[in-house]
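Protein chains: 2
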Amino acid sequence: MKKPIFIAALALLSSTAVAVTPATPLKTAEMLRDAALKDDVAFDITEGLTTEVGQRMAGTEAEARARDWAVAKLKSLGFKNVRVETFDMPVWVRGEEKAEIVAPFPQKLTLAALGNSGATPPEGLRAEVIGFDSLAEFQAAHDALVKGKIVFVSHGMVPTQDGSGYGYYGAARRQGPSIASRKGAAAIVIRSIGTDHHRNPHTGVQSWAEGVTPIPAAALSIPDAEQLQRILKRAGNRPVTMHLTLTPRNIGIQQSGNVIAEVPGRDPKAPVVLAACHLDSWDLATGAFDDAAGCGITAAAAKRVMDHGQPLRTIRVVWFGAEEVGLFGGLDYMRKHPNEHAVIAESDFGADRVWRFDSRVAQTAQPVVQDIARALAPLGIAQGFTDQAGGSDIGPMAASGVPTMELQQDGTRYFDIHHTPDDTLDKIDPEQLRQNVAAWTAMLSLTSNAAVEFGPMPPVQR
Amino acid sequence: MKKPIFIAALALLSSTAVAVTPATPLKTAEMLRDAALKDDVAFDITEGLTTEVGQRMAGTEAEARARDWAVAKLKSLGFKNVRVETFDMPVWVRGEEKAEIVAPFPQKLTLAALGNSGATPPEGLRAEVIGFDSLAEFQAAHDALVKGKIVFVSHGMVPTQDGSGYGYYGAARRQGPSIASRKGAAAIVIRSIGTDHHRNPHTGVQSWAEGVTPIPAAALSIPDAEQLQRILKRAGNRPVTMHLTLTPRNIGIQQSGNVIAEVPGRDPKAPVVLAACHLDSWDLATGAFDDAAGCGITAAAAKRVMDHGQPLRTIRVVWFGAEEVGLFGGLDYMRKHPNEHAVIAESDFGADRVWRFDSRVAQTAQPVVQDIARALAPLGIAQGFTDQAGGSDIGPMAASGVPTMELQQDGTRYFDIHHTPDDTLDKIDPEQLRQNVAAWTAMLSLTSNAAVEFGPMPPVQR
Numbered sequence: 001m002k003k004p005i006f007i008a009a010l011a012l013l014s015s016t017a018v019a020v021t022p023a024t025p026l027k028t029a030e031m032l033r034d035a036a037l038k039d040d041v042a043f044d045i046t047e048g049l050t051t052e053v054g055q056r057m058a059g060t061e062a063e064a065r066a067r068d069w070a071v072a073k074l075k076s077l078g079f080k081n082v083r084v085e086t087f088d089m090p091v092w093v094r095g096e097e098k099a100e101i102v103a104p105f106p107q108k109l110t111l112a113a114l115g116n117s118g119a120t121p122p123e124g125l126r127a128e129v130i131g132f133d134s135l136a137e138f139q140a141a142h143d144a145l146v147k148g149k150i151v152f153v154s155h156g157m158v159p160t161q162d163g164s165g166y167g168y169y170g171a172a173r174r175q176g177p178s179i180a181s182r183k184g185a186a187a188i189v190i191r192s193i194g195t196d197h198h199r200n201p202h203t204g205v206q207s208w209a210e211g212v213t214p215i216p217a218a219a220l221s222i223p224d225a226e227q228l229q230r231i232l233k234r235a236g237n238r239p240v241t242m243h244l245t246l247t248p249r250n251i252g253i254q255q256s257g258n259v260i261a262e263v264p265g266r267d268p269k270a271p272v273v274l275a276a277c278h279l280d281s282w283d284l285a286t287g288a289f290d291d292a293a294g295c296g297i298t299a300a301a302a303k304r305v306m307d308h309g310q311p312l313r314t315i316r317v318v319w320f321g322a323e324e325v326g327l328f329g330g331l332d333y334m335r336k337h338p339n340e341h342a343v344i345a346e347s348d349f350g351a352d353r354v355w356r357f358d359s360r361v362a363q364t365a366q367p368v369v370q371d372i373a374r375a376l377a378p379l380g381i382a383q384g385f386t387d388q389a390g391g392s393d394i395g396p397m398a399a400s401g402v403p404t405m406e407l408q409q410d411g412t413r414y415f416d417i418h419h420t421p422d423d424t425l426d427k428i429d430p431e432q433l434r435q436n437v438a439a440w441t442a443m444l445s446l447t448s449n450a451a452v453e454f455g456p457m458p459p460v461q462r
Numbered sequence: 001m002k003k004p005i006f007i008a009a010l011a012l013l014s015s016t017a018v019a020v021t022p023a024t025p026l027k028t029a030e031m032l033r034d035a036a037l038k039d040d041v042a043f044d045i046t047e048g049l050t051t052e053v054g055q056r057m058a059g060t061e062a063e064a065r066a067r068d069w070a071v072a073k074l075k076s077l078g079f080k081n082v083r084v085e086t087f088d089m090p091v092w093v094r095g096e097e098k099a100e101i102v103a104p105f106p107q108k109l110t111l112a113a114l115g116n117s118g119a120t121p122p123e124g125l126r127a128e129v130i131g132f133d134s135l136a137e138f139q140a141a142h143d144a145l146v147k148g149k150i151v152f153v154s155h156g157m158v159p160t161q162d163g164s165g166y167g168y169y170g171a172a173r174r175q176g177p178s179i180a181s182r183k184g185a186a187a188i189v190i191r192s193i194g195t196d197h198h199r200n201p202h203t204g205v206q207s208w209a210e211g212v213t214p215i216p217a218a219a220l221s222i223p224d225a226e227q228l229q230r231i232l233k234r235a236g237n238r239p240v241t242m243h244l245t246l247t248p249r250n251i252g253i254q255q256s257g258n259v260i261a262e263v264p265g266r267d268p269k270a271p272v273v274l275a276a277c278h279l280d281s282w283d284l285a286t287g288a289f290d291d292a293a294g295c296g297i298t299a300a301a302a303k304r305v306m307d308h309g310q311p312l313r314t315i316r317v318v319w320f321g322a323e324e325v326g327l328f329g330g331l332d333y334m335r336k337h338p339n340e341h342a343v344i345a346e347s348d349f350g351a352d353r354v355w356r357f358d359s360r361v362a363q364t365a366q367p368v369v370q371d372i373a374r375a376l377a378p379l380g381i382a383q384g385f386t387d388q389a390g391g392s393d394i395g396p397m398a399a400s401g402v403p404t405m406e407l408q409q410d411g412t413r414y415f416d417i418h419h420t421p422d423d424t425l426d427k428i429d430p431e432q433l434r435q436n437v438a439a440w441t442a443m444l445s446l447t448s449n450a451a452v453e454f455g456p457m458p459p460v461q462r
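Line by line, the protein sequences are chains A and B. According to full-length UniProt numbering, the first sequence is numbered sequentially starting from 1. According to full-length UniProt numbering, the second sequence is numbered sequentially starting from 1.
Structure, rendered in structure tokens:
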């Protein structure tokens, strides 16, 4: 790994700092930021959660073990008011998953069911495959062409640094299954929403549109999707038949929960600063990138501020439950904790370097925003939007008008790994993880010690 | 992909070549080499075999379909005397494969049985895991420490350009299971012999030493092996228990075969030039790198020489069966075809660029070797050994003293893919594949038109 440029810049900065300078909030944030570049807490949390718990699918006993682990870990780190807020949610679990081309070129393909997929009969179903190169092409197709067939939607995703491609390309996963059911398809398989070339399918949630009957829905690994495209092409006029077996099931209402820990502020009445991540993962991997690292980053940064001395405002660390399957944790928290927040932020986009700082806070808080931007600049972080910021679990709160900040992580390789069996600890670059901790430490230090009003903001107009 | 430097060098070469120069064998080879840089035949063969047949495990019906495909393809390309030479061999097939850490950190691990692995009971076996960082450390361990346990040998492989690391690191797979059985272990799992970080285990053959009882033997994917190392470390003094299920079985003697095709030479009595690859693949993937590409490269090159005009010597293209599981095809061929070869060569190391030309032929053939070296130089290929060369299927023939040439392919990423589910067409770089075809075309053109004696050579002393 090449040594990032910002390390050298910081060394210079440190050596020219004068010890007797009065400790303004900015100076303190800069000092804590520099110290955070040697952080080991974030990696230890990421390694511990992924190793000692492993996968932690929402609403399962594994997620319950993850909550126990989280409570013990957050207490041992010195956080106060460590607690779990439980909530109930419907749970879907994966079953057997197999796909085989029966004719004209017999072979097995690798896939994974999408969240809330319907099931085939236990012995599977056999049908002709009809392929489309994009969701738009599929939508335009006559229902009669699709009826009774296995629909295959293949649209190659292109990586973007800011992850914005997920909205566009991800539509095949989010909307494709409901459209397929409405058109009378027997099942749908999509090319994984991802940017890698490994035999690891990308799962992900999809929700059936109102009144739509669930059908089997799965994602082929990208090499398998490209193989199916070639099979369709080389088959010419011969029909391509697939035998598909998916046996997921709904196991009813189960318990999930959010794990909450605090750094109590000097002013217990001041609105709090929320530093969030999500604790649950998909079931295919240990979820190091998504989102153990986010929990490691935010907790490590909050601990650094705590260890330096009591901040003005309470910093509340929340490890949300049940994000992957529909933001259940974020929505439950929002219901239970209205009007408590000065500013909210979440880390849920891997562990690669932060490259941009976005915010959506009131004019009265702009001096704080400028201090944060200044503290982040030596880390190679540019100031981006000042009128928009978001997050996954905190998205609904942000949209409702709660002041929000966002440290944008580089997402160039995020969708190589996202929701696959490959989301494991070895994908974490410790040096980039530390840059994240440094950025979060500076932001939490400055926001938790700022006496200004951050909001409220008007709701986001869509 | 960056445009290789040699393209520019060749363009220069072509533009300065004078059309009226007499067509010496070297000039002809150079002309054919340059034309081969636009080859599409090798990619078409690689795509066709991997798409229309898919995996083709030795001795199975899939390998039989591959032979049918190969015969039709080689005939359609214009080769003569296209035929199959069958042979019988024992066949082992994969069953269910599951591994789960039961305590102290319950979670599933991903693995694949090694060739000829024994089976667990259908319901699996449960035992304590004992970990070793290398085969040497395991060998040195007291039997009493290992008895009844699941042995875990973890030794990270480091990539090498020439692939020589496979001998050293691969010992854990080849010898580990027999050593484990002798020491009384219940089973053995190794870290995959590979250099990637994906959840794709590397299978591969191992043969039980004389008198040793088969035990279950498998390879964990590299992220899973690293996970198991962390689990053992974080477990401290607590025993780590694994539940392992492997149900492979031996299905008895089955038929395999070598597919043979020829470019008949002007002198039917002259010893032939052998251009080889292997047709079978492991069962986990379509075997694009290993070794559909080798079949594409050698057949495309032989066709280019054929299409230019009848060579002096016969070029015999052989697509060997059953290489992966123990060189059955190569050994059968060697038995049936003694004393027929001028020179032999094989392509079985992926599809990345050729970087070195090795040979082991008689002094009388050194002028041909020098012409080949000169024709290869503009492709970025250096001359290497002149006293050693080999190949997989042709290895025993080479060792017996048959003159041999070898076009060494860059193996830096070969063991990222080797024997995993990830060995699929998308791993082939068409530009590097064409460089291989160009190199092979030059070599086949010069050897098949050389009237010199290539050997025989003394047997290789080990």
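By construction, the Cβ of each residue, glycine as well, lies at the ideal position given by its N, Cα and C atoms.
Cutoff 7 Å; reference residue i; Cβ partners in own chain excluding five residues on either side
i, result
"arginine 94(B)", "Ala113, Pro248, Asp283"
"glutamine 432(A)", "Ala351, Asp352, Arg353"
"phenylalanine 79(A)", "Ala261, Glu262, Val263, Val317"
"proline 239(A)", "Glu128"
Short Cβ contact (8 Å threshold) for residue i with residue j
i, j, result
"valine 102(A)", "arginine 65(A)", "no"
"isoleucine 253(B)", "aspartate 88(B)", "yes"
"serine 256(A)", "glycine 329(A)", "yes"
"leucine 379(A)", "alanine 293(A)", "no"
"methionine 405(B)", "valine 343(B)", "yes"
"aspartate 348(A)", "histidine 278(A)", "yes"
"aspartate 422(A)", "histidine 198(A)", "yes"
"leucine 444(A)", "alanine 301(A)", "yes"
"residue 464(A)", "alanine 29(A)", "Nothing about residue 464(A) can be reported from this structure: the residues present for chain A run from 1 to 462 only."
Residue i in three-state terms, based on DSSP
i, result
"threonine 447(A)", "helix"
"phenylalanine 138(A)", "helix"
"proline 90(A)", "strand"
"lysine 2(A)", "Annotation note: pLDDT 40 at lysine 2(A) (below 50); position unreliable, coordinate value reported separately. Of the three classes helix, strand and coil, the one that applies to lysine 2(A) here is coil, per DSSP."
"threonine 245(A)", "strand"
"glutamate 226(B)", "helix"
"lysine 98(B)", "strand"
"glutamate 52(B)", "helix"
"residue 467(B)", "The displayed coordinates of chain B run from 1 to 462. Any statement about residue 467(B) would go beyond what the structure contains."
"leucine 13(B)", "For leucine 13(B), the predicted structure reports a pLDDT of 46, less than 50, and the residue's modelled location is therefore unreliable. A value from the coordinates is still provided. It is helical."
Contacting residues, own chain, Cβ-Cβ under 6 Å from residue i (five flanking each side not counted)
i, result
"alanine 365(B)", "Val452, Phe454"
"valine 354(B)", "Ile381, Leu407, Gln409, Asn436, Ala439"
"glycine 59(B)", "Met89, Val91, Gln254, Ser256"
"phenylalanine 138(B)", "Phe132, Val153"
"alanine 209(B)", "Ser178"
"serine 181(A)", "Val212, Thr213, Ile215"
"aspartate 224(A)", "Leu109, Thr110"
Cβ shell of residue i (< 8 Å), same chain only, five flanking positions each side left out
i, result
"glycine 401(A)", "Gly455, Pro456, Met457, Pro458, Pro459, Val460"
"isoleucine 428(A)", "Phe43, Thr46, Ala288, Phe289, Ala293, Ala351"
Selected residue, minimal CA-CA separation from residue i, among the options
i, options, result
"methionine 31(A)", "Asp416(A), Phe357(A), Arg374(A)", "Arg374(A)"
"arginine 335(A)", "Ile394(A), Val369(A), Gly165(A)", "Ile394(A)"
"glutamine 206(A)", "Ala140(A), Gly170(A), Leu135(A)", "Gly170(A)"
"valine 305(B)", "Ala377(B), Ala442(B), Asn81(B)", "Ala442(B)"
Where residue i meets chain B, residues with beta-carbon distance less than 7 Å
i, result
"glutamine 363(A)", "Going along chain B, no residue has its Cβ under 7 Å from glutamine 363(A), so there is no contact; the nearest lies around 47 Å."
Chain A contact residues for residue i, given Cβ-Cβ distances below 7 Å
i, result
"glycine 54(B)", "Phe105, Gln107"
"residue 468(B)", "Any answer about residue 468(B) is impossible in this case: the structure gives chain B only from 1 up to 462."
Residue i beta carbon near the ligand ADP (any heavy atom closer than 7 Å)
i, result
"leucine 232(A)", "For the ligand ADP, the structure offers nothing, since it holds no ligand at all."
Closer than 9 Å at the beta carbon, the chain A residues around residue i
i, result
"threonine 110(B)", "Pro421"
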